[in-house]
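The structure appears below as structure tokens.
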Ligand code: HEC
Ligand code: HEC
Ligand code: HEC
Ligand code: HEC
Ligand code: HEC
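In the numbering used here, the protein residues as written are -7 to 320.
So, in structure tokens, the structure goes:
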């Protein structure tokens, strides 16, 4: 496989933003067939991990437009370290990392997670190679590792109270599914239990696996049932900028009659309320149907910044419901 050395920063940024409808991947951005060039040249021997990681939000953590906006163009110093960290193994899991000097646009890269103070790479597989020193570390991939950065927004507290809370590998079991394949290129490399590095979170596939949606027209109202069946924390989770919106639009023919939105958000700092969907929670949202309505379109939108327009939201779910005979 050809390695393009100028695979750059802009590609990482764009990949992370592909959820926004108004962004498209430019033809010059070699995503499909080429590899990101990361610190430590890991991509030359670990192409699968590199390709997956490039699509992850970890790769976008520094270039994310909502991060840039909320950190006042990255001038708030306290905001920067987790979004472009030194290797977390240097201070140890549970300690907030330091901001690194080089290659910040790569966000949370391979070295941020894998490299220790001696330059060895940690994992759980116990492999030995001439390519680089490895360390078998049973703590690697545990909730304690992810908590190093993710505990600040309560994700880990919610996790511990959830049905999965006792599993020391709960985060990776949902967010890094196992695939059997060789983990490095080269002759005769054995098939191992590898973990997908896309770190999928707020994507349509993950949301629809985690939250069961059921929509039923009932006389003059539409009943939207949501049940959190496989999410080990609130929906959404993260800083209070991140919100989910349940939106219902009513139509007569092609004409939009009205729109109703319900916000799932942590508003503790604004009005003391927290309307996020809790692990295991079942919620029913009832929306009055306008008399003329023939059709409803229900969407679940995810925004990384509540101040951004709806057009920039990622659509996690969309369902059309015929209402003929229900309304008037
Ligand atoms: C020259 C090739 C090469 C390069 C470059 C390389 N690796 Fe590796 N790596 C390997 C091989 C070979 C293995 C062992 C594969 C096996 O035994 O199945 C390995 C194993 C690993 C493991 C598994 C550790 C364990 O036992 O759980 C990790 C993690 C890892 N590498 C991370 C990295 C990172 C991060 C980089 C870049 C900073 C990197 N590697 C660069 C070849 C390479
Ligand atoms: C060095 C800090 C750090 C560590 C360690 C870390 N993360 Fe993250 N993670 C982040 C940041 C920052 C973001 C947000 C990136 C963005 O969207 O700008 C994020 C985003 C995510 C997302 C969100 C995807 C989405 O769709 O919004 C998932 C899932 C995730 N991390 C899982 C994990 C798991 C699992 C672990 C442990 C193996 C882990 N993270 C370890 C900092 C970290
Ligand atoms: C947010 C932290 C994080 C980042 C960033 C990250 N990894 Fe990993 N990596 C993990 C975890 C967690 C595991 C799985 C540990 C376990 O449970 O075995 C893993 C496993 C691996 C393994 C062992 C084989 C496999 O696929 O499971 C390799 C090789 C590896 N990573 C390479 C990389 C490379 C190369 C990059 C950058 C392109 C990278 N990692 C980025 C956390 C990370
Ligand atoms: C039982 C499965 C499960 C477990 C356990 C789990 N998650 Fe999730 N996570 C999900 C699902 C499903 C989503 C997508 C729901 C959504 O859109 O918010 C998600 C979304 C996320 C997101 C993106 C959230 C957002 O709203 O932008 C992050 C970050 C995340 N998880 C981190 C973690 C961390 C860290 C842990 C461990 C403490 C963890 N998750 C444990 C299933 C799980
Ligand atoms: C301790 C580590 C840490 C620090 C410090 C931190 N973040 Fe984050 N940030 C994260 C993690 C982890 C996520 C992923 C949370 C999620 O999606 O659940 C995240 C996600 C975000 C997101 C949503 C995803 C995106 O990039 O669009 C924004 C916005 C953000 N952070 C802004 C900030 C701002 C502003 C500050 C400073 C006030 C800050 N962060 C400080 C760890 C950190």
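Here a beta-carbon is modelled for each residue, glycine too, at the ideal position from N, C-alpha and C.
Every value quoted in this text rests on a predicted model; they were computed, and no experiment measured them.
Of 309, 283, 214, 243, the smallest CA-CA separation from residue 291 is found for 309.
For residue 233, no alpha helix (DSSP H) segment is defined, and its DSSP state is neither H nor E.
Taking a C-beta distance under 7 Å as the contact criterion, residue 154 and residue 224 qualify as a contact pair.
Taken through DSSP and simplified to helix, strand or coil, residue 219 comes out as strand. Between residue 73 and residue 80, the CB-CB gap reaches or exceeds 7 Å. In the three-state reduction of the DSSP assignment, residue 35 falls in the helix class, which pools H, G and I.
Sequence-distant Cβ neighbours of residue 142 in its own chain, meaning closer than 7 Å and more than five residues away, are 148. Comparing C-alpha distances from residue 262 to each of 172, 114, 233 shows the shortest one belongs to 233.
203 is the residue among 203, 54, 71 whose C-alpha sits nearest the C-alpha of residue 221.
A distance below 7 Å separates the beta carbons of residue 31 and residue 95. Close CB contacts of residue 128 within its chain, under the 6 Å cut and outside five residues either way in sequence, are with 118 (chain order). Per DSSP, residue 104 lies in no beta strand (DSSP E) segment; the continuous alpha helix (DSSP H) that holds it begins and ends at 102 to 106.
Exposed is the label assigned to residue 183, since fewer than 16 other Cβ atoms lie within 10 Å of its Cβ. Assignment of beta strand (DSSP E) within the segment 258 to 316, counting only whole runs of 3 or more residues, yields 274 to 280, 287 to 295, 306 to 314 in chain order. With fewer than 16 other beta carbons inside 10 angstroms of its own, residue 274 counts as exposed.
If you ignore the 5 residues before and after residue 120, its C-beta comes within less than 7 Å of the C-beta of 126, all in its own chain and listed in chain order. Burial is judged here by how many other beta carbons sit within 10 angstroms of a residue's own beta carbon; residue 200 has fewer than 16 and is exposed. Contact fails between the segment 234 to 252 and the segment 155 to 173, because fewer than three Cβ pairs, one in each stretch, are under 8 Å apart. Here the alpha carbons of residue 205 and residue 219 stand approximately 7 Å from one another. In summary, residue 190 is buried, with 16 or more beta-carbon neighbours lying within 10 Å of its beta-carbon over all protein chains present.
Residue burial is scored here from C-beta neighbours: residue 27 has at least 16 other C-beta atoms within 10 angstroms and is therefore classed as buried.
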